[in-house]
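**Q** Shown below is the structure under consideration.
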Amino acid sequence: MAADRSNWKRTHYCGELRPAHSGQDVVLMGWVHKNRDMGNLVFVDLRDREGLVQIVFRSDKAALIEEAKRLRTEFVVGVRGTVRPREAKNKDLATGEVEVEAKELKLFAASKIPPFAVADPPQASEELRFKHRYLDLRRPAMQRNIRLRHEAALRVRNFLSGKGFYEIETPFMTKSTPEGARDYLIPSRVYKGRFYALPQSPQILKQTLMISGFDRYFQIVRCFRDEDLRADRQPEFTQIDIEMSFIDREDLFVVIEELMASVFELIGEKLTLPFPKLSYKETMEKYGSDKPDLRIHLEMKDLTAIGKDLSADLLKNIFAAGGELKGLLLPGAGSLSRGQLDKLGEKAKSFGAKGLIWIKKQDGFKSSLRLAESEFESIWAALGGGEGDLGLLIADKKETGLKALGEIRRTWPQEKAGNKRDFKFAWVTDFPLMEWSDEEGRLVSMHHPFTSPLDEDMGLLEKEPARVRAKAYDLVLNGIEVGGGSIRIHDTELQRKIFSVLGLTPKETEEKFGFFLEALTYGAPPHGGIALGFDRLVMILAGEESIREVIPFPKTTSALCLLTNSPSEVSDRQLAELGLKLK
RNA sequence: GGGGUCGUAGUUCAGCUGGUUAGAACGCCGGCCUGUCACGCCGGAGGUCGCGAGUUCGAGUCUCGUCGGCCCCGCCA
Numbered sequence: 054m055a056a057d058r059s060n061w062k063r064t065h066y067c068g069e070l071r072p073a074h075s076g077q078d079v080v081l082m083g084w085v086h087k088n089r090d091m092g093n094l095v096f097v098d099l100r101d102r103e104g105l106v107q108i109v110f111r112s113d114k115a116a117l118i119e120e121a122k123r124l125r126t127e128f129v130v131g132v133r134g135t136v137r138p139r140e141a142k143n144k145d146l147a148t149g150e151v152e153v154e155a156k157e158l159k160l161f162a163a164s165k166i167p168p169f170a171v172a173d174p175p176q177a178s179e180e181l182r183f184k185h186r187y188l189d190l191r192r193p194a195m196q197r198n199i200r201l202r203h204e205a206a207l208r209v210r211n212f213l214s215g216k217g218f219y220e221i222e223t224p225f226m227t228k229s230t231p232e233g234a235r236d237y238l239i240p241s242r243v244y245k246g247r248f249y250a251l252p253q254s255p256q257i258l259k260q261t262l263m264i265s266g267f268d269r270y271f272q273i274v275r276c277f278r279d280e281d282l283r284a285d286r287q288p289e290f291t292q293i294d295i296e297m298s299f300i301d302r303e304d305l306f307v308v309i310e311e312l313m314a315s316v317f318e319l320i321g322e323k324l325t326l327p328f329p330k331l332s333y334k335e336t337m338e339k340y341g342s343d344k345p346d347l348r349i350h351l352e353m354k355d356l357t358a359i360g361k362d363l364s365a366d367l368l369k370n371i372f373a374a375g376g377e378l379k380g381l382l383l384p385g386a387g388s389l390s391r392g393q394l395d396k397l398g399e400k401a402k403s404f405g406a407k408g409l410i411w412i413k414k415q416d417g418f419k420s421s422l423r424l425a426e427s428e429f430e431s432i433w434a435a436l437g438g439g440e441g442d443l444g445l446l447i448a449d450k451k452e453t454g455l456k457a458l459g460e461i462r463r464t465w466p467q468e469k470a471g472n473k474r475d476f477k478f479a480w481v482t483d484f485p486l487m488e489w490s491d492e493e494g495r496l497v498s499m500h501h502p503f504t505s506p507l508d509e510d511m512g513l514l515e516k517e518p519a520r521v522r523a524k525a526y527d528l529v530l531n532g533i534e535v536g537g538g539s540i541r542i543h544d545t546e547l548q549r550k551i552f553s554v555l556g557l558t559p560k561e562t563e564e565k566f567g568f569f570l571e572a573l574t575y576g577a578p579p580h581g582g583i584a585l586g587f588d589r590l591v592m593i594l595a596g597e598e599s600i601r602e603v604i605p606f607p608k609t610t611s612a613l614c615l616l617t618n619s620p621s622e623v624s625d626r627q628l629a630e631l632g633l634k635l636k
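The opening position of the first sequence corresponds to residue 54 in my numbering, with each subsequent residue numbered one higher.
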């Protein structure tokens, strides 16, 4: 029978008791973490969101100790008692210098035996953790992560509000747009056959708010994309969405850098500002990625010029087909075995390369490619190699070589180890405005269709749109894209032209974006902004490897919620009301 | 859509080239215990080997399918 707690008021959290509280009468409420029954002496570890404290039940209260003996893990109880210094301290516990000698105990709720222990690290599969997420979330690590998430959001709000930004809501029930990810759709009951869409981002509406003169907007907002999941991708995720009028890129960089500095103070990190800037071209050529992990110091080299003087026929054919020769030096890796080199070759192939050339210098050159000594010397000099090093070369289409070597660079174990609390931010700028999509058979926006081209590339828009660079930028941290944005188009005619280059017919353009194009004609200020991936940011702050660890109720990689069992079927009646029929 | 990997007691796992009654630890239940904190000691219960076919005298083990977890490619303006 659950006890009545109406006349009890909690005085402290379990986790906050310290020697200074000694002698005080306290009332605690919490979950039984552990029960140690010594016969005529019972210890109970009581847990709440702030931590654990030991409760002791002594034999001079016979009825009380009998109650305490019946407590089991995860029972919810209230305890009234006196804080005392402990006879034996426990230095592994923040409250380990004190205990609470119980005078009264109230059982509020019993618990079934939990399917896994509420303890760090979790001794249960993610599957089981998701099914009983309410238990998983009781773990101190999860309580800490969710609290950190709250504190980060609060910092963002306080910082941006202090800089004159308004937090403004935009609708979740909005309009499907043809560009970008797959939409989640909401059928309209009132207008059968018509659908709202959940926003992939509030992009057009935040730009509309700029046209409305709000000048500085932000929103910590859920976004929805019906695409496949990853460790850092959920179908619904949270963005810090930001937009500003009358700015250029540098103005925004400053605001975001200061925002990051403020947020990282939460974990005691002092960031060095400003963040380095890399052009897209530069980062692709040096690191083979548009989100380089700058904790890794390895850089790729272009060896095409040297390669063209080499005798190998293999290379001649590739160069004739327009290929390039890219190289990556791995210091100290000259001792790798043939099997390990083969594994690297397999990895390169899995990223599309046709082969991997290796050269090592250990008592002379050894290589998978037959070359003259002087040729090895010139390659080695270009790579900056020394005795005992390994050089990896890929001769292929430029993008293929960069990507494959970039992957080897990114995952090179000697470089990855032990630098979790090293935070290397960078801005990647000057992305291509558009890229060719084989699937769609047309050019598609690399960022989104509202991104402004670089002024100096504007002339290329008609004839060579694929070469136009954009006023777009990504914020990258330790190999993770934590944000992306751009200076937007605020001119109706330019915006129409972009849609047309992207292959949208005037009719489609009008149907999907007509309202926005019209809004642009009523005095749109120059503006730009960014969206930061809030889940990813909190994940990094928390030192986690997956955003599922910082989202209270995440979905599995197959987009199921194991707690609620969604998605689920609905009744025929619900379908009929919406005018829907299943095929 | 594709590739990889995993699924055995409540949990985490072991289970060899197919062969008696499928094991361990933790947890759970009962008993004892006045300073434990991974409490200890004694005793006990607990299994649709994810599911379904197939091969075989015989399947946890082999094959196929299917469901589910995780990682990756594609996809993610």
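Ideal Cβ placement from N, Cα and C applies to all residues, glycine included.
None of these values were measured; they are calculated from a predicted model.
Tell me the DSSP bridge mates of residue 138?
**A** On the first sequence, position 85 is the one that residue 138 refers to. Bridge partners of residue 138: 151.
**Q** Given 8 Å as the limit, is there contact between the segment 554-573 and the segment 159-169, that is, 3 or more CB pairs closer than that?
**A** No contact exists between the segment 554-573 and the segment 159-169.
**Q** In the DSSP assignment, the alpha helix (DSSP H) including residue 103 goes from what residue to what residue?
**A** Your numbering for residue 103 matches position 50 in the first sequence. Looking at the DSSP string, residue 103 is not in any alpha helix (DSSP H), and its letter there is neither H nor E.
**Q** Could you tell me the boundaries of the alpha helix (DSSP H) in which residue 194 lies?
**A** As a working note, residue 194 is residue 141 in the first sequence. First-last of the alpha helix (DSSP H) with residue 194: 193-215.
**Q** Buried or exposed: residue 307, going by 16 or more other Cβ atoms within 10 Å of its Cβ?
**A** The residue given as residue 307 occupies position 254 in the first sequence. Under this definition residue 307 is an exposed residue.
**Q** Measure the C-alpha to C-alpha separation of residue 597 and residue 254 and round it to an integer number of angstroms.
**A** Residue mapping note: residue 597 aligns to position 544 of the first sequence, counting from 1. Residue mapping note: residue 254 aligns to position 201 of the first sequence, counting from 1. Approximately 25 Å, taken between the alpha carbons.
**Q** Once the 5 residues before and after residue 501 are set aside, which same chain residues still bring their CB inside 7 Å of it?
**A** Translated into positions along the first sequence, residue 501 becomes position 448. The residues are 232, 233 and 256.
**Q** On a Cα-Cα basis, can you pick out the residue from 513, 464, 578 and 568 that is closest to residue 531?
**A** The count along the first sequence starts at 1 and reaches residue 531 at position 478. Answer by Cα proximity: 464.
**Q** Given a threshold of 16 other Cβ atoms within 10 Å of its Cβ, counted over all protein chains shown, does residue 383 qualify as buried or as exposed?
**A** Here residue 383 is taken as the residue at index 330 of the first sequence, counted from 1. By the C-beta density criterion, residue 383 is buried, having at least 16 other C-beta atoms within 10 angstroms.
**Q** Sort 330, 381, 377 and 81 by Cα distance to residue 350 and report the nearest one.
**A** By 1-based counting over the first sequence, the position of residue 350 is 297. Among 330, 381, 377 and 81, the Cα nearest to that of residue 350 is on 381.
**Q** Could you give the DSSP three-state label for residue 518: helix, strand or coil?
**A** Residue numbering aside, residue 518 sits at position 465 when the first sequence is read from its first letter. Helix.
**Q** Which residues mark the beginning and the end of the alpha helix (DSSP H) in which residue 308 is found?
**A** By 1-based counting over the first sequence, the position of residue 308 is 255. Run containing residue 308: 302-317, per the alpha helix (DSSP H) assignment.
**Q** With 16 other CB atoms within 10 Å as the buried threshold, where does residue 98 fall?
**A** On the first sequence, position 45 is the one that residue 98 refers to. Residue 98 should be labelled buried.
**Q** What is the C-beta distance between residue 401 and residue 409, in whole angstroms, given that I count them as a contact (C-beta under 8 Å)?
**A** The residue given as residue 401 occupies position 348 in the first sequence. The residue given as residue 409 occupies position 356 in the first sequence. Their Cβ separation, rounded to whole angstroms, is 4 Å, which keeps residue 401 and residue 409 in contact under 8 Å.
**Q** Give the single residue among 491, 527, 484 and 497 whose Cα lies nearest to the Cα of residue 507.
**A** Here residue 507 refers to the residue found at position 454 of the first sequence. Checking every option, the nearest Cα to that of residue 507 belongs to 484.
**Q** Applying the criterion that 16 or more other CB atoms from any shown protein chain within 10 Å of the CB defines a buried residue, is residue 489 buried or exposed?
**A** As a working note, residue 489 is residue 436 in the first sequence. When all chains shown are included, residue 489 counts as exposed.
**Q** Nearest-angstrom Cα distance between residue 172 and residue 206?
**A** As a first step, residue 172 must be located in the first sequence, where it is residue number 119. As a first step, residue 206 must be located in the first sequence, where it is residue number 153. Cα to Cα, residue 172 sits roughly 26 Å from residue 206.
**Q** Shortest alpha-carbon distance to residue 128 belongs to which of 198, 544 and 158?
**A** Indexing the first sequence from 1 puts residue 128 at position 75. When only C-alpha atoms are compared, the closest one is 158.
**Q** Report yes if the CB atom of residue 103 is closer than 8 Å to the CB atom of residue 66, and no otherwise.
**A** On the first sequence, residue 103 is found 50 positions in, with the first residue counted as 1. On the first sequence, residue 66 is found 13 positions in, with the first residue counted as 1. Their beta carbons are under 8 Å apart, which means residue 103 touches residue 66 by this criterion.
**Q** Output the distance between the C-alpha atoms of residue 538 and residue 78, rounded to the nearest integer angstrom.
**A** Working through the first sequence from its first residue, we reach residue 538 at position 485. Working through the first sequence from its first residue, we reach residue 78 at position 25. Cα to Cα, the separation comes out at about 55 Å.
**Q** With distances taken between CB atoms, is the gap from residue 415 to residue 441 smaller than 8 Å?
**A** Taking the first sequence and counting its residues from 1, the one referred to as residue 415 is at position 362. Taking the first sequence and counting its residues from 1, the one referred to as residue 441 is at position 388. Yes. Within cutoff.
**Q** Suppose contacts are defined by Cβ-Cβ distances below 8 Å. Is residue 154 in contact with residue 89 by that definition?
**A** The residue you call residue 154 lines up with position 101 of the first sequence. The residue you call residue 89 lines up with position 36 of the first sequence. Taking a C-beta distance under 8 Å as the contact criterion, residue 154 and residue 89 do not qualify as a contact pair.
**Q** Is there contact between the segment 539-547 and the segment 512-527, where contact requires at least three CB pairs shorter than 8 Å?
**A** yes
**Q** If you follow the alpha helix (DSSP H) that residue 559 is part of, which residue opens it and which one closes it?
**A** By one-based count along the first sequence, residue 559 stands at place 506. Here the alpha helix (DSSP H) through residue 559 covers 559-573.
**Q** How many angstroms separate the CA atom of residue 474 from the CA atom of residue 593?
**A** Position 421 of the first sequence, counted from the first residue, corresponds to residue 474. Position 540 of the first sequence, counted from the first residue, corresponds to residue 593. Each residue's Cα considered, the two are about 9 Å apart.
**Q** Would you mind sorting residue 584 into buried or exposed? The rule is 16 or more other CB atoms within 10 Å of its CB.
**A** On the first sequence, residue 584 is found 531 positions in, with the first residue counted as 1. Burial call: buried.
**Q** Can you list the beta strand (DSSP E) stretches of 3 or more residues lying completely in the segment 434-473, in chain order?
**A** 443-449
**Q** For residue 88, which residues does DSSP report across the bridge?
**A** If you number the first sequence from 1, residue 88 lands on position 35. For residue 88, which the question treats as bridged, DSSP gives the partners 97.
**Q** With a CB to CB cut of under 6 Å and the five nearest residues on each side skipped, what residues in its chain are close to residue 495?
**A** Along the first sequence, one-based indexing puts residue 495 at 442. Cβ within range, chain order: 556.
**Q** Please list, in chain order, all residues of the same chain as residue 577 whose beta carbon is under 6 Å from its beta carbon, the five residues on each side excluded.
**A** The count along the first sequence starts at 1 and reaches residue 577 at position 524. Same-chain partners within the cutoff: 264 and 543.
**Q** Going straight from the alpha carbon of residue 82 to that of residue 137, what length do you get?
**A** The count along the first sequence starts at 1 and reaches residue 82 at position 29. The count along the first sequence starts at 1 and reaches residue 137 at position 84. Between residue 82 and residue 137, the C-alpha separation is close to 18 Å.
**Q** Quick check: the Cα distance between residue 228 and residue 572, rounded to an integer number of angstroms?
**A** One-based indexing of the first sequence puts residue 228 at position 175. One-based indexing of the first sequence puts residue 572 at position 519. Rounded to whole angstroms, residue 228 to residue 572 spans 16 Å at the Cα level.
**Q** Taking residue 549 as part of the alpha helix (DSSP H), name the residues at either end of that continuous run.
**A** Here residue 549 refers to the residue found at position 496 when the first sequence is read from its first residue. According to the DSSP assignment, residue 549 belongs to the alpha helix (DSSP H) that extends over 545-554.
**Q** What residue range is occupied by the uninterrupted alpha helix (DSSP H) comprising residue 256?
**A** The count along the first sequence starts at 1 and reaches residue 256 at position 203. Taken as a continuous stretch (DSSP letters only), the alpha helix (DSSP H) holding residue 256 covers 256-264.
**Q** State buried or exposed for residue 366, treating a residue as buried only when at least 16 other CB atoms are found within 10 Å of its CB.
**A** If you number the first sequence from 1, residue 366 lands on position 313. Per the 10 Å Cβ criterion, exposed.
**Q** What would DSSP say about residue 637, mapped onto helix, strand or coil?
**A** The structure shown does not extend to residue 637, since the chain spans only 54 to 636, so no value can be given for it.
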